[in-house]
Amino acid sequence: MPGFQVQVDGNQNSKIIVAAGSITMKDKPQLPVVNIPQAELDVVRRAWVELDVRDQRVPTAEKAVARLTGDGPRLAVVTGPPGYGKRTAGIKALWEVAQGQSLKLQEIVPDWEKPGSPDVAELPDEPGTGYLLDVAAEISDWQNRGAFAQQLVSYAEELRLSGSFLVVIADEHGWPEAVAGAVAGVVVRATARPSARRVARMHLEYVHHQPGRLHWLTGVPSGTGLAGKAAQQLTDGSRPADAADLAAKLAAAEDSPKGLERALSAFQEWRTDVRDVFSATENNPDDRALLISAVFLNGKDALTVQDGARELLGESPKADVRTILTGPDLTSRLTAMGAEVTGRTVSLDHKPGYARAVLLHLWQQRADIHAHLLKWLDTITSPKGAGSDLAAISDLLVELAVAENDIRVVQKVHAWIDNGADSPEHRALIARFLTVAAESDTLGAGVRGLLLDSAQETSKAVATVVALVCRGEFAEHYPRQALVRLRHILDRPEPDEAVRTAQEALRDIAARDGQLPRVWNTVIKWATEKKHLAGHRAFLSLLDPSVDPYVLQVMLAAAELKQDVREALVAGWNAALADTRVEVECRQLLAAWAEVRKTADVPTELMTEIINQVVLDHLVATPVSALIFGEPGVADGEAVIELRKDLRLPPALSSLVSAHEHASAGS
Numbered sequence: 023m024p025g026f027q028v029q030v031d032g033n034q035n036s037k038i039i040v041a042a043g044s045i046t047m048k049d050k051p052q053l054p055v056v057n058i059p060q061a062e063l064d065v066v067r068r069a070w071v072e073l074d075v076r077d078q079r080v081p082t083a084e085k086a087v088a089r090l091t092g093d094g095p096r097l098a099v100v101t102g103p104p105g106y107g108k109r110t111a112g113i114k115a116l117w118e119v120a121q122g123q124s125l126k127l128q129e130i131v132p133d134w135e136k137p138g139s140p141d142v143a144e145l146p147d148e149p150g151t152g153y154l155l156d157v158a159a160e161i162s163d164w165q166n167r168g169a170f171a172q173q174l175v176s177y178a179e180e181l182r183l184s185g186s187f188l189v190v191i192a193d194e195h196g197w198p199e200a201v202a203g204a205v206a207g208v209v210v211r212a213t214a215r216p217s218a219r220r221v222a223r224m225h226l227e228y229v230h231h232q233p234g235r236l237h238w239l240t241g242v243p244s245g246t247g248l249a250g251k252a253a254q255q256l257t258d259g260s261r262p263a264d265a266a267d268l269a270a271k272l273a274a275a276e277d278s279p280k281g282l283e284r285a286l287s288a289f290q291e292w293r294t295d296v297r298d299v300f301s302a303t304e305n306n307p308d309d310r311a312l313l314i315s316a317v318f319l320n321g322k323d324a325l326t327v328q329d330g331a332r333e334l335l336g337e338s339p340k341a342d343v344r345t346i347l348t349g350p351d352l353t354s355r356l357t358a359m360g361a362e363v364t365g366r367t368v369s370l371d372h373k374p375g376y377a378r379a380v381l382l383h384l385w386q387q388r389a390d391i392h393a394h395l396l397k398w399l400d401t402i403t404s405p406k407g408a409g410s411d412l413a414a415i416s417d418l419l420v421e422l423a424v425a426e427n428d429i430r431v432v433q434k435v436h437a438w439i440d441n442g443a444d445s446p447e448h449r450a451l452i453a454r455f456l457t458v459a460a461e462s463d464t465l466g467a468g469v470r471g472l473l474l475d476s477a478q479e480t481s482k483a484v485a486t487v488v489a490l491v492c493r494g495e496f497a498e499h500y501p502r503q504a505l506v507r508l509r510h511i512l513d514r515p516e517p518d519e520a521v522r523t524a525q526e527a528l529r530d531i532a533a534r535d536g537q538l539p540r541v542w543n544t545v546i547k548w549a550t551e552k553k554h555l556a557g558h559r560a561f562l563s564l565l566d567p568s569v570d571p572y573v574l575q576v577m578l579a580a581a582e583l584k585q586d587v588r589e590a591l592v593a594g595w596n597a598a599l600a601d602t603r604v605e606v607e608c609r610q611l612l613a614a615w616a617e618v619r620k621t622a623d624v625p626t627e628l629m630t631e632i633i634n635q636v637v638l639d640h641l642v643a644t645p646v647s648a649l650i651f652g653e654p655g656v657a658d659g660e661a662v663i664e665l666r667k668d669l670r671l672p673p674a675l676s677s678l679v680s681a682h683e684h685a686s687a688g689s
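Counting in the numbering used here, the sequence shown runs from 23 upward without gaps.
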């Protein structure tokens, strides 16, 4: 409300419960949005290139502006092949339109409820916003492209009323232009790409603020000096993204011949260096294994790297003194492989991207090693293993999958879930790999589909890994898709480790800023409309104060203000009590509610009324019977006894309860 303020003191280690307006039972949750990265905005503001290699104008952004500001819908759909700068052109168009209008520029995360069938009703429509929706990686797999495109045009016509705009980035053939003239009329085709050489120069000078290094790109090569040394790295066919990458590497390089040489090798993805190393070790598996060990044990000491290499080869340390004293020293061997040894520490950090290049070469050229490599990774990532940096190892595997641009790499690592070690470290490693892969530009849509299929597998290990993914960063950007995958896991017949992990993930998502309304709407629909076992488990888990009272506190605060929230709480209880598969959980939650009533953090009277209504509706249900009369051999706590006294039961039933309590007290 206007002028409403809240001041809270002394709230260390506590959560502030503000329910007013945060919980609703009707609105359909909209797709999440994030601010367009400042780095991308800086590019279109400071380093925009509008000429191609023939010095002709690249009109993509200009045409998109015309679509957005013309008489038609506030929509521009930028289509074209990869590498034509479509996304940057779309951001440039939004930035141009925003000048003088104070628009927020935000990107819509395509977290569709049904990824293969997007729904226009899920799109946000805040006033005064320039939206970017990048679906180039997924639009070709949509099932309802024609209908969606027509609905999107209508949606964009309504954006005019709120002063908002939308740019959609599509692939070359996914947008269904033939459906209708209005659908074709919003298209902007990217038919030319900006000159990569110009992009590199502009980025180096205006994004990275290194004008003193422009001669590396523009000077005339000579036998001495650095002028022109980078000029041949880009061709007429190079992509703008390649140019931006080159500029970033040149800007970060040491200003010396050696520094420039390393920057150029990194830009070339170290192909020459890696090829030379593998050529020089054709008959030396020991050194190749040492290099592979250094790749995954980067930052460890040299002896640990050597032990890792021996484990990969399946060999024990040498026992013969003559053999031990033969050949080059360990440091020399590592240095020859491209590593840097400082003191006892082995590192590849001085060659950014070198580890990825080695792994890519190995994966492509030595396909038979795939299974052996993954088995070895289980060894070094075990509690007793040498490789404790699970994040670095999983990121390397993701880089491999993205570089290969092949979902089969992801599937191979996914198959490793059941074929590797049954340990928390093993599951955490693969979960991180799948999390990062699910958000990649090229493979993300395919990986998200794989996660959906995996959530429905019978394998406990696979389902547990998916639940771990849904508990992590994946839920930040794709909360709705995370919830759908958790529903499948929560529907498993037995409350196994996968189900428990899914319940933890659900509570974690609900506790995140702004996510509880989405989670609540979804869970109550599962429980009351769909009658899913998953819904009943989710409802009971969310409202369990013994784990974390936050969700229960918010929901009860909202129920005090909104009758429909109160009715939903009762309906959720009724649905759960009608499902005998969750009798134990219902019994535990009733007892937990009795305990939390004793604190001042919940509205005691409202909680009692809700329990009373639920009890009257389910007098014959086992959990309710246990609450009212107790269980044989189970001593009820003080909180349960107090709740029993506060319930407004029918007179006859109340008399039975009193008689039961007297009998229990006398025995």
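Every residue gets a Cβ at the ideal spot worked out from N, C-alpha and C, and that includes glycine.
Own chain residues within Cβ distance below 7 Å of residue i, not counting five before or after
{"i": "residue 171", "result": "197, 198, 201, 205"}
{"i": "residue 482", "result": "518, 519, 520"}
{"i": "residue 594", "result": "546, 549, 550, 561"}
{"i": "residue 339", "result": "332"}
{"i": "residue 69", "result": "224, 225, 228, 229"}
Closest residue to residue i among the options (Cα-Cα distance)
{"i": "residue 513", "options": "480, 503, 531, 537", "result": "480"}
{"i": "residue 134", "options": "412, 128, 157", "result": "157"}
{"i": "residue 522", "options": "294, 104, 388, 569", "result": "569"}
{"i": "residue 222", "options": "115, 320, 264", "result": "264"}
{"i": "residue 494", "options": "468, 451, 180, 478", "result": "451"}
{"i": "residue 278", "options": "257, 234, 261, 298", "result": "234"}
{"i": "residue 215", "options": "613, 108, 653", "result": "108"}
{"i": "residue 503", "options": "58, 99, 471", "result": "471"}
{"i": "residue 576", "options": "536, 603, 555, 558", "result": "536"}
{"i": "residue 8", "options": "190, 653, 606, 554", "result": "Outside the displayed span of the chain (23 to 689) sits residue 8, for which this structure offers no information."}
{"i": "residue 497", "options": "337, 60, 132, 110", "result": "132"}
{"i": "residue 178", "options": "387, 97, 253", "result": "97"}
{"i": "residue 62", "options": "159, 447, 508, 111", "result": "111"}
{"i": "residue 603", "options": "251, 553, 638, 619", "result": "553"}
{"i": "residue 87", "options": "77, 100, 240", "result": "100"}
Close-in-space but distant-in-sequence residues of the same chain around residue i (CB under 6 Å, 5 per side omitted)
{"i": "residue 574", "result": "565, 567"}
{"i": "residue 43", "result": "Per-residue confidence for residue 43 stands at a pLDDT of 41, beneath the threshold of 50, marking its modelled position as unreliable; no derived number is given."}
{"i": "residue 616", "result": "661, 662, 665"}
{"i": "residue 130", "result": "53, 55, 153, 155"}
{"i": "residue 484", "result": "439, 476"}
For residue i, the first and last residue of its enclosing beta strand (DSSP E)
{"i": "residue 101", "result": "97-101"}
{"i": "residue 211", "result": "209-211"}
{"i": "residue 586", "result": "Counting along the chain, residue 586 falls outside any beta strand (DSSP E), though it belongs to the alpha helix (DSSP H) covering 585-599."}
{"i": "residue 658", "result": "No beta strand (DSSP E) holds residue 658; DSSP gives it neither H nor E."}
{"i": "residue 12", "result": "As shown, the chain starts at 23 and ends at 689. That puts residue 12 outside it, with no answer to give."}
Cα-Cα separation between residue i and residue j, rounded to whole angstroms
{"i": "residue 403", "j": "residue 148", "result": "46 Å"}
{"i": "residue 698", "j": "residue 464", "result": "Because the chain spans 23 through 689 in this model, residue 698 falls outside it and cannot be assessed."}
{"i": "residue 272", "j": "residue 289", "result": "9 Å"}
{"i": "residue 434", "j": "residue 383", "result": "17 Å"}
{"i": "residue 74", "j": "residue 217", "result": "4 Å"}
{"i": "residue 344", "j": "residue 357", "result": "23 Å"}
{"i": "residue 582", "j": "residue 491", "result": "35 Å"}
{"i": "residue 414", "j": "residue 318", "result": "8 Å"}
{"i": "residue 580", "j": "residue 587", "result": "7 Å"}
{"i": "residue 510", "j": "residue 421", "result": "29 Å"}
{"i": "residue 298", "j": "residue 316", "result": "17 Å"}
{"i": "residue 302", "j": "residue 283", "result": "21 Å"}
{"i": "residue 337", "j": "residue 385", "result": "22 Å"}
{"i": "residue 255", "j": "residue 487", "result": "42 Å"}
{"i": "residue 193", "j": "residue 125", "result": "26 Å"}
{"i": "residue 295", "j": "residue 375", "result": "12 Å"}
{"i": "residue 213", "j": "residue 165", "result": "27 Å"}
{"i": "residue 47", "j": "residue 144", "result": "Reliability fails at residue 47, whose pLDDT of 46 lies under 50, so the model's placement of it is uncertain and the value that follows must be treated cautiously. So the two alpha carbons sit approximately 16 Å from each other."}
Rounded Cβ spacing between residue i and residue j (contact assumed at less than 8 Å)
{"i": "residue 367", "j": "residue 309", "result": "About 19 Å separates the two Cβ atoms, so there is no contact after all."}
{"i": "residue 373", "j": "residue 292", "result": "7 Å"}
{"i": "residue 151", "j": "residue 176", "result": "Not quite, the Cβ-Cβ distance comes to about 18 Å (not below 8 Å), so this is no contact."}
{"i": "residue 499", "j": "residue 461", "result": "6 Å"}
Limits of the unbroken alpha helix (DSSP H) element including residue i
{"i": "residue 153", "result": "No alpha helix (DSSP H) contains residue 153, which is instead part of the beta strand (DSSP E) from 151-156."}
{"i": "residue 519", "result": "519-532"}
{"i": "residue 441", "result": "429-441"}
8 Å Cβ shell around residue i - same chain, five flanking residues per side excluded
{"i": "residue 2", "result": "Residue 2 cannot be examined here, being either before or after the span of the chain that is shown, 23 to 689."}
{"i": "residue 474", "result": "137, 503, 506, 507, 510"}
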